[in-house]
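Residue numbers (our numbering): -9 to 241.
Notes follow the structure.
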Amino acid sequence: MIPSKEPVRLPPLPQVSGDPSILFDVFTHRSISTSNREYGNGDRLAHIGATIFQHAVVDHWFSRRPMLSVEEMEAKKFEAMGDTKVMYWVSVYDFKRRISFGSQGSTILNTPSESRWFFNAYIGALYTRDGLEAVKKWISGLIDPDFHGSGDKTPSPEYTNWTNFRPSSPGSSTAVSQPEPPTYYRSQTTSRASPPGSPHTPKPPTPPQSPPTGSRVLVTVSHFNEVATRKGRNVYYADSSEGPSHLPIWT
């Protein structure tokens, strides 16, 4: 049964882009339809159209704010996709005037299944030529006339980019932050540890410390010989003796 007193608040029937021959297959009864290399035939358009129709309905009510429960979404879907609604839309858009019938005559649109077939075929053609968003915009206007494409279907900006999302800690005011740079911890032997994967750099040798000014330094013979050798000098020691001749001390 088609509602007779419901005010007509439907969006305009969207135009299907491209070669208009696709509309001949949409509005030609399946009993006399032909095949097309682009999309097949009207049956194929109606088949994909039925799936896209359900997707568009569920997506609209899922995205609506405030959120609906699953039970509420199912009720909305059942109402929008019911025979009463589909036959009403087919009547208001005057599909009967557009359709080329076969031997069964124009009374075929009086059956819910045939009305749904033509409606789904039109959705399939719109999806094939103009994409999913064109279908969703049209269906949203059909099932929810008060919806005008406002921000109540748009998710919060802070969750639109998953790569920047991090769960917030207790008491935090935001759930989004930029990644922090890696931290390198100090060790006891170096002022800053090498980043992971970098080659190990040995610690430079500690230079000898100069003695404090004014202090006395003990110089041994071995140290004196070492310094002379580094400077390329030859050192000779002359023999001499001290003490009595029967018990000399050689120096």
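Even for Gly, the Cβ is constructed at its ideal location relative to N, Cα and C.
As the structure is a computational prediction, the values presented were derived from the model and not from experiment.
Beta-carbon proximity check, residue i vs residue j, cutoff 9 Å
i	j	result
TRP107	ALA36	yes
VAL48	GLY32	no
TRP128	PRO4	yes
LEU122	LEU0	no
Boundaries (first-last residue) of the alpha helix (DSSP H) holding residue i
i	result
HIS244	Only positions -9 to 241 of the chain appear in the structure, and residue 244 is not among them; the question remains open.
GLU123	122 to 133
PHE14	11 to 16
Neighbourhood of residue i by C-beta, 8 Å cutoff - its chain only, sequence neighbours within 5 removed
i	result
ASP73	PRO102, SER105 and ARG106
VAL76	PRO102, SER105, ARG106 and PHE109
LYS67	GLN44, VAL47, VAL48 and TRP51
LEU58	TRP51, PHE52 and LYS66
SER325	Since the displayed the chain opens at -9 and closes at 241, residue 325 lies outside it and no answer follows.
TRP79	LEU0, PHE109 and LEU132
MET71	PHE43, GLN44 and VAL47
Residues near residue i in its chain [Cβ-Cβ closer than 6 Å; skip 5 each side]
i	result
ILE42	ILE113, TYR117 and VAL125
TYR83	LEU3
GLY8	ARG119
LEU99	LYS86 and SER105
SER25	ASN31
ALA243	Because the chain is modelled from -9 through 241, residue 243 falls outside the range shown and cannot be assessed.
Cβ-based burial, residue i [other Cβ within 10 Å; buried from 16]
i	result
LYS243	Here the chain comprises residues numbered -9 to 241, so residue 243 is not present and cannot be evaluated.
SER212	exposed
THR219	exposed
ASN224	exposed
SER158	Confidence at SER158 is low in this model, with a pLDDT of 49, below 50, so the placement of that residue is unreliable and no value is reported for it.
Beta-carbon proximity list for residue i, same chain, < 7 Å, skipping 5 on both sides
i	result
ARG88	PHE17
So within the segment 58 to 100, which uninterrupted alpha helix (DSSP H) runs reach at least 4 residues, ignoring any that extend past its ends?
60 to 70, 73 to 82 and 85 to 88
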